[in-house]
Structure formats: C-alpha cells, structure tokens
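So for the sequence shown, numbering that gives the first Met the number 0 puts the first residue at 0; every next one is plus one. Okay, so here's the structure we're looking at.
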Amino acid sequence: MKRRPWSLRNRLIVLLAGLAFIAWGASSVWLYRTAEKQAGELFDAALIEAANAVFAAVAHEGLGKDDDFEFEPEEHAHVERLVYQLLDRRGRIVYFSPGAPREALAAAGARGFSERVADGVAYRVYTLRALNERAAIHVGQRLSDRAALVRTMVLQLLLPGVVVVLLLALGVWFIVRRVTLPVISFSQAIDARAPADSGPVVVDNLPQELQPVGRAVNGLLERVEIALVREKTLTADAAHELRTPLAALRAQAQVALRSREDAERSEALQALIGGVDRATRLVETVLTLARLDAGSIDRATLPVVSLRSMAGEVVAGLGAAARARGLQLEMNVPEIALRADSDSLPVALRNVCDNAIRHATSRVQLEACVAARGIVITVRDDGPGMTAEQQSRAFDRFYRGTSDSAGAGLGLALVKRVIELHGGSVRFSAGLNGRGLGVEIVLPDAAVNP
Numbered sequence: 000m001k002r003r004p005w006s007l008r009n010r011l012i013v014l015l016a017g018l019a020f021i022a023w024g025a026s027s028v029w030l031y032r033t034a035e036k037q038a039g040e041l042f043d044a045a046l047i048e049a050a051n052a053v054f055a056a057v058a059h060e061g062l063g064k065d066d067d068f069e070f071e072p073e074e075h076a077h078v079e080r081l082v083y084q085l086l087d088r089r090g091r092i093v094y095f096s097p098g099a100p101r102e103a104l105a106a107a108g109a110r111g112f113s114e115r116v117a118d119g120v121a122y123r124v125y126t127l128r129a130l131n132e133r134a135a136i137h138v139g140q141r142l143s144d145r146a147a148l149v150r151t152m153v154l155q156l157l158l159p160g161v162v163v164v165l166l167l168a169l170g171v172w173f174i175v176r177r178v179t180l181p182v183i184s185f186s187q188a189i190d191a192r193a194p195a196d197s198g199p200v201v202v203d204n205l206p207q208e209l210q211p212v213g214r215a216v217n218g219l220l221e222r223v224e225i226a227l228v229r230e231k232t233l234t235a236d237a238a239h240e241l242r243t244p245l246a247a248l249r250a251q252a253q254v255a256l257r258s259r260e261d262a263e264r265s266e267a268l269q270a271l272i273g274g275v276d277r278a279t280r281l282v283e284t285v286l287t288l289a290r291l292d293a294g295s296i297d298r299a300t301l302p303v304v305s306l307r308s309m310a311g312e313v314v315a316g317l318g319a320a321a322r323a324r325g326l327q328l329e330m331n332v333p334e335i336a337l338r339a340d341s342d343s344l345p346v347a348l349r350n351v352c353d354n355a356i357r358h359a360t361s362r363v364q365l366e367a368c369v370a371a372r373g374i375v376i377t378v379r380d381d382g383p384g385m386t387a388e389q390q391s392r393a394f395d396r397f398y399r400g401t402s403d404s405a406g407a408g409l410g411l412a413l414v415k416r417v418i419e420l421h422g423g424s425v426r427f428s429a430g431l432n433g434r435g436l437g438v439e440i441v442l443p444d445a446a447v448n449p
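Below, the structure written as structure tokens:
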C-alpha cells in the first residue's frame, strides 16, 4: 500500500497549535495551583480577621466580665459564608452565628487552624482563645465553599486564556497558509508547465530561504534543456550522417548485383564491407556519446588505475595503424596512479591518438606528467595542423575539418565529454617540430598520492 505523502503546511499548523494548547494547559495547571494556594491564604486571613472582630465585639460589650452569660441567637434564612461560635470557659456554645452548626467547630482545647466535620459538614476552622481562658471563638468556613470559590475564580481567569489560544490557533493556521503559499504557487507553476517548456521559473516571489531551492530547480531545468538539445542534435546529426554510408552501401550492393566478373564483384563486396564497418563505428560512437550524455561519474568512487599501463594498451592497439602509414608512435608516460573510469578514459586517449595518426607526417608522441594544475596528458603530431577557425569548432559534434575526412566528426567531441565527466579540460597546443597539432588534457583532481 502506497504511503500518503505528509503535508508540511498541515504539520506546521498542528505542531504550532498543539504547542500553544500544551503551553496553555501547563500554565492553567500552574495558575490553578497558585490560585488555590493564594485563595487559601486569603480565606485563612479572613477567618483570623473575623475571629478578632468577634472577639473585639465581645470584649467591647463586656460579655467576658461574668462567667455566666447567654445570648439568644437570631435565625436567618440565608447561609453565611463564615460562621462562628462563642464558647465560655467550660466549652459551652453560648452564641453562634446564623447557619453555624450546633456541634462545636473545633475540638476542646484547640488553638489556631484546624479542620473538623460538624453536623456532617467539613469546615476549615480558626480558634481564638482569651488570654485568661474564659472564652473562645471558633470561626469556620465550609471546605466545599472554599473549593467552589477557587474554581470560580480560576475559571474566570482561564476563560480569557481559552479565547486567546483559539485565536492563536486561528492565527497560526492563517500565517502558515500565507507563509507556505509561495511554495504551493511555485510547485503549481512547475506542474503546469508544458513538457517542451524548460525555461527558468521565476523565483523572485519566493522567500529568501527558498530561493536556493528555486535556483536549484532552474539549474536542473537548464541541464535538462541542454540534455534535450544534445539528444535532438545527436539524433538529427546521426540520421544525417548515416545517409551517406547507407547510400554508399546501396550503391556498392547494386554494383555487386550487376557485376559479371568475379574481380569486380569482389571489389564491390569489399567496399560494401568497408562501408558497413564505417557505419558500425559511427553507430557505436553515437551510442557511446548518448550513454555519456545521460550518465555521470562519481569521481570520489572511481578506481585507482595506472596511467602508464592504460597508455601502453592504447599505443599497442594503434601500433599497426601507425606502422601502416610509416609513422613513429612514441610514448613517454611515467608510472602515475590516478582515479579514472577504466572504460571511457582509454576511449578518449585512443580517439586523440587515432586522430593524430591519421594526420601526422612522420611522428606521433604521447606523453604525460604531474604538474601543479594536475595530471597533464599531451598528444602531438607533425601533420598540417588546424587553422584557428577549425580549432574553434573541432570539438563540435559531426564537425569535420575537411570535406574528404574519413571520420564522422565525433572523435574529439567524445574526448571532450569524457574529460568533462572526469572534471578536467581539453584544449589544443603546439605540435612537434614547430608544426602539426597538440591536444592537451588536464585532470586536476585525478592524481593519487603514493
């Protein structure tokens, strides 16, 4: 089952809103505990003040001068928040406030704060005794009333917080959508592009943090455009170049069919085979270029090879061609270890050397060294060389310097592509004996220290 992709926008909204709710919940718990503690201290202070007020009233009225005194309590219909009891020295309740229980609010001899159940109701009680122990005052408050007052107070404090958190969550939703809108618009603009449209995407509307992403996308589109142009050019040029050898093959086949003599027929068939070989080489070169264009080389993972051994194999493979033209093929390559693709780099060296052999007069020289700018490989010949205009176009695909050239004009283009994949460069240099042409290959990061 394919996993559904997650949304950055929704995740930001949920995380930020969730963080706000968690912060509100933690602050609510802290607020409740703090309010409960402070409210308890205020309620206790009220009990103390009420006890002292009642004691002051009793003392003012002179009720404590006689041992025996009684009061007639007055009943009220409403329930008082604070209730009190006045006790004589024998512990008898001589007066109590409306709503106070008939049972003593505190134990005999109690002083200060205590909690007690009287008439089935739990009270928080403060007891104040006269210095001469002739009277005592109990002031109490129901624990349920205290808890209800705390809840009411905390609720009144928390309700604005709920509204603030809801508004904050709504603001997070709005802000996240606004912030991510350029990203959504950017992706929609890319998705809406036609298959043939590989032009750059406008990145000016993207935020600063996402502009590198936009530039990377434009870089990718540019590379795709270059690859498509190369593919189209390669296909069109290959089709054009194949017409000539195919026409020649047809002509030689017709000659062979009309031939009545064995010698003429054999010559036509030999020419036919040569044309097939040239067409085969052209197709192989085109396929090699297509593979190199589509691929890439991770130079950090390339194997370590010997340049001397690689060059020796190339020279050995071209020795017969050089001897057939009466050329001296020289190699001056020391033992150099380098990181290189063991398949494509020999092809590049072979193409450079083969091109030099086809144009040299007497000598072709292959040499290499390690310089400050990297590994330098040079192939020189003493042939007619190239004009400046020819050199400027020599690495173009299907370019032939002369109309009678036997090649397809892909050799140097293939060399350039191989060296580019290795992170190097290739250019023309001086030939041998003040004439001819040299091809210089530089691989800056290929050398491996022994």
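Idealized CB from N, CA, C, for every residue including glycine.
Spatial distance of L245 from Q269 (CA atoms):
15 Å
On the three-state DSSP scale, how would you describe N51?
helix
According to DSSP, simplified to helix, strand and coil, what is L326?
coil
Burial state of W29 (16 or more Cβ within 10 Å)
exposed
How many Å lie between V57 and Y94 at the Cα?
11 Å
In its own chain, which residues sit with a C-beta less than 8 Å from the C-beta of V175, not counting the 5 before and 5 after it?
R8, L11, I12 and L15
Under the rule that 16 or more other beta-carbon atoms within 10 Å means buried, what is E74, buried or exposed?
Below a pLDDT of 50, predicted positions are generally treated as unreliable, and E74, at 48, falls in that range; no measurement from the model is reported.
Start and end of the alpha helix (DSSP H) containing G198?
Element bounds for G198: n/a, residue is neither H nor E.
With DSSP collapsed to three states, give me the class of I21.
helix
Please report how far the alpha carbon of P345 lies from the alpha carbon of R338, in whole angstroms.
13 Å
Rounded separation between E419 and S186 - CA only
32 Å
If A52 sits next to D87, beta carbons under 8 Å apart, how far is it from one beta carbon to the other, in whole angstroms?
A52 to D87, Cβ: 19 Å. No contact.
Decide if the segment 318–337 is in contact with the segment 361–370; the criterion is three or more beta carbon pairs, one per stretch, under 8 Å apart.
yes
So, using beta-carbon positions, are A121 and L104 closer together than 8 Å?
no
I think A107 touches G90, with their Cβ atoms under 8 Å apart; what is that distance to the nearest whole Å?
5 Å
Taking just the CA atoms, how far does E114 sit from N131?
25 Å
Where does the unbroken beta strand (DSSP E) through V332 begin, and where does it stop?
That residue, V332, is in no beta strand (DSSP E); it is neither H nor E in DSSP.
With 16 as the cutoff for other CB atoms within 10 Å, does S341 come out buried or exposed?
exposed
Taking just the CA atoms, how far does R145 sit from T151?
10 Å
May I have the straight-line CA-CA distance separating R372 from E312, to the nearest angstrom?
26 Å
Out of S428, L431, L411 and I440, which has the shortest C-alpha to C-alpha gap to H421?
I440
Could you tell me whether the Cβ atoms of F42 and Q155 are closer together than 8 Å?
no
Cα separation between L127 and I136?
5 Å
Rounded to a whole number of angstroms, what is the C-alpha to C-alpha distance between I47 and R123?
12 Å
Per DSSP, what kind of secondary structure is L248 in: helix, strand or coil?
helix
Just to check my reading of the structure: L35 and V149 have Cβ atoms closer than 8 Å, yes? What is that Cβ distance to the nearest angstrom?
According to the sequence provided, residue 35 is Glu. The question's Leu does not apply to it. Confirmed, Cβ separation roughly 5 Å.
Quick one: Cα of L85 to Cα of L165, how far?
52 Å
Contacts around L157, its chain only, beta-carbon distance under 6 Å, and the 5 residues preceding and following it disregarded:
S27
Given that a residue counts as buried once 16 or more other Cβ atoms are within 10 Å of its Cβ, and exposed if not, what is G24?
exposed
Compute the Euclidean distance between the alpha carbons of E260 and P383, then round it to the nearest angstrom.
41 Å
To test your reading of the DSSP string, which unbroken alpha helix (DSSP H) runs of 4 or more residues are found completely within the segment 139–209?
142–190
What span of residues does the beta strand (DSSP E) with R115 cover, start to end?
G111 to A117
Would a C-beta distance cut-off of 8 Å place P206 and L220 closer than the cut-off?
no
Would you tell me roughly how many angstroms separate the C-alpha atoms of V453 and L431, rounded to the nearest one?
Outside the shown range of the chain, which is 0 to 449, sits residue 453, and nothing can be said about it.
Would L370 be called buried (16 or more neighbouring beta carbons within 10 Å of its own) or exposed?
At residue 370 the sequence reads Ala, which differs from the Leu that was named. Counting Cβ neighbours within 10 Å, A370 comes out exposed, since fewer than 16 surround it.
How is F42 classed by DSSP in three states: helix, strand or coil?
helix
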